[in-house]
Amino acid sequence: MKSVLLASIALFSSLTLTSAQLSSLAQQLGLNQTWYAPFPSSPITDSTDAASDIKSQWSVPSTSTFFGTSNLEFIQDPFNNSSNDSAVLQVFYPQGSYSPSASKTKGASSGGAEFYAQPLGNISYDRALVSYSVGFPANFPWTLGGKLPGIYGGSPGAGCSGGDQSTGSNCFSMRIMWRQNDLGEAYAYIPTSSDFCSQSLIICNDDYGKSIGRGLIQFVAGEWNKIDLYIQLNTVGSSNGLLQVWQNGKIVINMNDLQYHTTNMVLIESFMFSTFFGGSTSSYAAPQDTYTYFKDIQFSVGTPVPLSASVGISRGSLRSLPALVAVVMGVVAVVTFVV
220 MKSVLLASIA LFSSLTLTSA QLSSLAQQLG LNQTWYAPFP SSPITDSTDA
270 ASDIKSQWSV PSTSTFFGTS NLEFIQDPFN NSSNDSAVLQ VFYPQGSYSP
320 SASKTKGASS GGAEFYAQPL GNISYDRALV SYSVGFPANF PWTLGGKLPG
370 IYGGSPGAGC SGGDQSTGSN CFSMRIMWRQ NDLGEAYAYI PTSSDFCSQS
420 LIICNDDYGK SIGRGLIQFV AGEWNKIDLY IQLNTVGSSN GLLQVWQNGK
470 IVINMNDLQY HTTNMVLIES FMFSTFFGGS TSSYAAPQDT YTYFKDIQFS
520 VGTPVPLSAS VGISRGSLRS LPALVAVVMG VVAVVTFVV
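If you read the sequence shown in the working numbering, its first letter stands for residue 220, the second for the next number, and so on.
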């Protein structure tokens, strides 16, 4: 048992649980729990092993679909030659690949990866912040666009991706999307109204997701791009949900009139790791083999909110009791502070 524990600690980067680990942005937003995705201290180039580690270390539910397991590796940071850094996650997109549904129904190559992680347990929240650094190689082919990770509400896999619309009572999702010429946006599956869709920063599509703030994000290839995505759910019956996106510490999208759900039976439940070329047609397909890279993944939340068929969510989450939980064997860290 002792040797197994030592091997686990040696493989994954050590975690020091201090108050400094709750990011200044999470503190500013009044959040009090942060999960830090564990990354191995050395490369894992076997995709089966890499996917297995993610599934166990990042708490991917056994009932959840895990798409693209063969496209994952942990490699040395491609933008930093320091041997002291942890490995980073590499995601592969083979030429011709686009969207999970295309690989299943249209015979397209399987590119990218998608899964739902619940590292804080099967618990629901009304506020969450996803943070990560994403890198694109210098010759990255942007094509028409592709997806990047975000936040998911409802039971994992209930819809709200791939054309399965949000009714407000089934699910919702908020991700980041890259577009042509290194531009980016927030990309949502949420219930909408004609008033919402008439706004200048919104592009609605009845068959797929809604584009929010297209072009307000500007990715830079060949280096790391820090993304912070925060949502706060609307009060049921109102369109007062929040969406804020920061790029490299600068706020680029800031909205306060969204509707995420119509019932408190649908709340934030998962970190949604989702990345692929697409779009639902071959015009989005990767024109060549290519990659993206991820590191510094964090999922921060406020106080848990129970699912409820009738009770509304307070706009100000309750302050939690101090707590500090560390699961060393699973290399999962949850930090809770009074804010």
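Think of the CB as a built atom: it goes at the ideal place given N, C-alpha and C, for glycine as much as any other residue.
Residue pairing of residue 398 in beta bridges, as defined by DSSP: 364.
About 6 Å separates the Cβ atoms of residue 495 and residue 330, confirming a contact at the 8 Å cut-off. For residue 351, the beta-bridge partners assigned by DSSP are 446. In this chain, the beta strand (DSSP E) harbouring residue 308 covers 307 to 312.
Contact between residue 500 and residue 356 does not hold, since their C-beta atoms are separated by about 24 Å, which reaches or exceeds 8 Å.
Judged by DSSP in its simplified three-state form, residue 494 adopts strand.
Rounded to the nearest whole angstrom, the C-alpha separation of residue 462 and residue 450 is 5 Å. In this structure, the alpha-carbon of residue 498 lies about 17 Å from that of residue 359. Looking only at 347, 409, 428, 436, the smallest Cα-Cα distance to residue 523 is reached by 347.
Under the three-state reduction of DSSP output, residue 248 falls in the coil class, being neither helix nor strand. Around the beta carbon of residue 507, fewer than 16 other beta carbons sit within 10 angstroms, so the residue counts as exposed. A direct Cα-Cα distance of roughly 12 Å separates residue 336 from residue 349.
Residue state for residue 511 is assigned as strand, using DSSP reduced to three classes. Under DSSP, residue 462 forms a beta bridge with 450, 474.
Secondary-structure assignment with DSSP links residue 404 through a beta bridge to 396. The Cβ atoms of residue 369 and residue 511 lie no closer than 8 Å to each other. The stretch 378 to 390 makes contact with the stretch 310 to 328; the number of CB pairs closer than 8 Å reaches 3 or more. Here the stretch 463 to 478 makes no contact with the stretch 252 to 272; the two share fewer than three CB pairs at distances below 8 Å. Relative to residue 241, the option among 520, 488, 527, 525 whose CA is nearest is 520. Counting every other CB atom within 10 Å of its CB across the protein chains shown gives residue 526 a total below 16, marking it as exposed. Residue state for residue 371 is assigned as strand, using DSSP reduced to three classes. Taking a C-beta distance under 8 Å as the contact criterion, residue 309 and residue 292 qualify as a contact pair.
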